[in-house]
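Presented below is the structure to which this report refers.
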Amino acid sequence: MIRKILVIGLLCLFTTPAIAAECKATVESTDAMQFKTGALVVPAACKQFAITLKHTGKLPRNVMGHNLVLGRTVDVGAINADGMKAGLANQYVKPGDARVLAASKVIGGGESTTVNIPVGKLKAGESYTYFCSFPGHAALMKGTLSVGK
Ligand code: CU
């Protein structure tokens, strides 16, 4: 019995932290309108990829709010234009926008939020972009996301 527990314990020790580390990432955002991470590679083995968006600044969300929206790179311009019109009440994302693969809420300084990327919806070889859809931010606040091995 004790040996069994030990074996299970050892298995957990070797497998769990590795998987947990691979299927998540943290992206920091700032009062200087920037993402600190410019590219993410999502392992194909992950079912979900959790991105935690942290706002390390001090400004409130209506002034320097940030979110993290994921779409195909070719769709980003249109998603962003529609998101701007949707307003802060809709987290600057058009409700029901099928081009949006994942989107977090808008956060202000000192806050953080997590958004889950459904990896099964992503294709290897496709170019994806995550960006902030707060009006005027997408030009600076964007990064590439791709599916890795
Ligand atoms: Cu922003």
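With the working numbering applied, the sequence shown closes on residue 161, and no number is skipped along the way. Where is the CB? At the ideal position from N, CA and C, for every residue including glycine.
Here Lys97 is exposed: its Cβ has fewer than 16 other Cβ atoms, across all protein chains shown, within 10 Å. Where Lys66 is concerned, the enclosing beta strand (DSSP E) starts and stops at Gln60 to His67. With a cutoff of 7 Å, Cys144 counts as near the ligand CU, since its C-beta is closer than that to a heavy atom of the ligand. Looking at the DSSP output, Glu40 shares a beta bridge with Lys66. Between Gln60 and Ile129 a beta carbon distance of about 7 Å is seen, short of the 8 Å cut, so the two are scored as contacting. Here DSSP, grouped into helix, strand and coil, assigns Gly160 to strand. When beta bridges are read from the DSSP output, Thr126 appears opposite Thr64. In the DSSP assignment, Val75 falls within the alpha helix (DSSP H) that extends over Arg73 to Met76.
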